[in-house]
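K.L.:
Below you will find the structure I want to go over with you.
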Amino acid sequence: MDTSTPTNLMDKHQKIISEILRSYRDLMNCVTVNGMDKEKQGDYEAQANKLNYRDPDTMAAAGLRTQRKFDELYESIKELLALTRTIKELWVFGPVDRADEHRKEKEEQIDRDIGEITTLFNKIDANAMRELAEKNGGTWEPQGEAALTSAAPAPTGN
4 MDTSTPTNLM
14 DKHQKIISEI
24 LRSYRDLMNC
34 VTVNGMDKEK
44 QGDYEAQANK
54 LNYRDPDTMA
64 AAGLRTQRKF
74 DELYESIKEL
84 LALTRTIKEL
94 WVFGPVDRAD
104 EHRKEKEEQI
114 DRDIGEITTL
124 FNKIDANAMR
134 ELAEKNGGTW
144 EPQGEAALTS
154 AAPAPTGN
């Protein structure tokens with residue numbers, strides 16, 4: 004299935020939702036059938052049904068059927084969670100390896116923007132550190148990589 008197409012994901016989402024609803028309905032039918040009592044005259048559904056739900060063999064089979072229906076419901080919910088995770092990943096990161104003519108240019112522009120922002124933050128940090136040092140009667144000089152790029156010019160006195 005092509006997961007890059009939103010309609011395919013939404014179709015799959017609708018299919019899983021319908022499976023969950025069907026599984027839940029079947030599970031509720033199993034549980035209510037287990038409670039039928041042929042001895043009770045007011046229980047018309049039990050009177051019409053040919054199975055005796057108070058019989059141990061029938062109860063065991065009904066229990067297995069209920070467990071199977073619950074497992075189907077559980078698996079459908081897990082599928083829905085996995086699909087939701089996939090949709091969120093596609094929403095945040097976008098489709099992986101999509102064919103975009105200008106992708107390389109966009110990535111280079113993003114790298115340039117990140118470099119400029121990093122330089123601006125380094126200058127702000129250097130100015131703040133210099134002001135703090137001078138306020139407390141000391142001096143501050145950039146260290147390491149910041150010293151090589153001369154992060155910020157020394158401020159002039161007020």
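Just so you know, we're using my numbering here: the sequence shown kicks off at 4 and counts up by one.
Even glycine gets a Cβ: it sits at the ideal position worked out from N, Cα and C.
(1) Are the segment 22-33 and the segment 110-126 touching, with three or more C-beta to C-beta distances below 8 Å?
(2) According to the Cβ coordinates, are E82 and I19 closer than 9 Å?
(3) Using alpha carbons as the reference points, say which of T87, D60, Y77 lies closest to S26.
(4) By Cβ distance below 8 Å, which residues in the same chain neighbour K72 in space, the five residues on each side in sequence not counted?
(5) Out of W143, K109, G97, which one is the CA nearest neighbour of A129?
(6) Taking DSSP as the reference, what is the three-state secondary structure of E144?
(7) With DSSP as the reference, label D58 as helix, strand or coil.
(8) DSSP on N139, reduced to helix/strand/coil?
(9) Contact check, E22 vs S79 under 8 Å by CB: the rounded distance?
(10) Do I90 and L24 count as a contact pair if the criterion is CB distance below 9 Å?
(11) Assign G97 to one of three DSSP states: helix, strand, or coil.
(12) Near I117, which residues of its chain fall below 8 Å by C-beta distance, leaving aside the five closest residues on each side in sequence?
(13) Closer than 7 Å by C-beta to D216: which residues in its own chain qualify, once you throw out the five before and the five after it? Chain order, please.
P.N.:
By the coordinates alone:
(1) Remark: fewer than three beta-carbon pairs, one from each stretch, lie closer than 8 Å, so the segment 22-33 and the segment 110-126 are not flagged as touching.
(2) As a working mapping, residue 82 is identified with position 79 in the sequence shown. As a working mapping, residue 19 is identified with position 16 in the sequence shown. Closer than 9 Å, so yes.
(3) Position 23 of the sequence shown, counted from the first residue, corresponds to residue 26. Nearest of T87, D60, Y77 to S26, Cα basis: Y77.
(4) Looking up residue 72 in the sequence shown gives position 69. So the list reads S26, D29, L30, C33, once near-sequence residues are dropped.
(5) To locate residue 129, count along the sequence shown from 1; it is residue 126. Measuring from the Cα of A129, the nearest candidate turns out to be W143.
(6) Residue mapping note: residue 144 aligns to position 141 of the sequence shown, counting from 1. Three-state result, E144: coil.
(7) Here residue 58 corresponds to residue number 55 of the sequence shown, with the count starting at 1. It is coil, neither helix nor strand.
(8) Here residue 139 refers to the residue found at position 136 of the sequence shown. Three-state result, N139: coil.
(9) One-based indexing of the sequence shown puts residue 22 at position 19. One-based indexing of the sequence shown puts residue 79 at position 76. Taking a contact as a CB-CB distance under 8 Å, the pair E22 and S79 counts as one, their CB atoms being some 4 Å apart.
(10) On the sequence shown, position 21 is the one that residue 24 refers to. On the sequence shown, position 87 is the one that residue 90 refers to. No, they are not a contact pair.
(11) Taking the sequence shown and counting its residues from 1, one reaches residue 97 at position 94. Three-state result, G97: coil.
(12) For the purposes of this step, residue 117 is taken as the residue at position 114 of the sequence shown. Cβ within range, chain order: n/a, list empty.
(13) Here the chain comprises residues numbered 4 to 161, so residue 216 is not present and cannot be evaluated.
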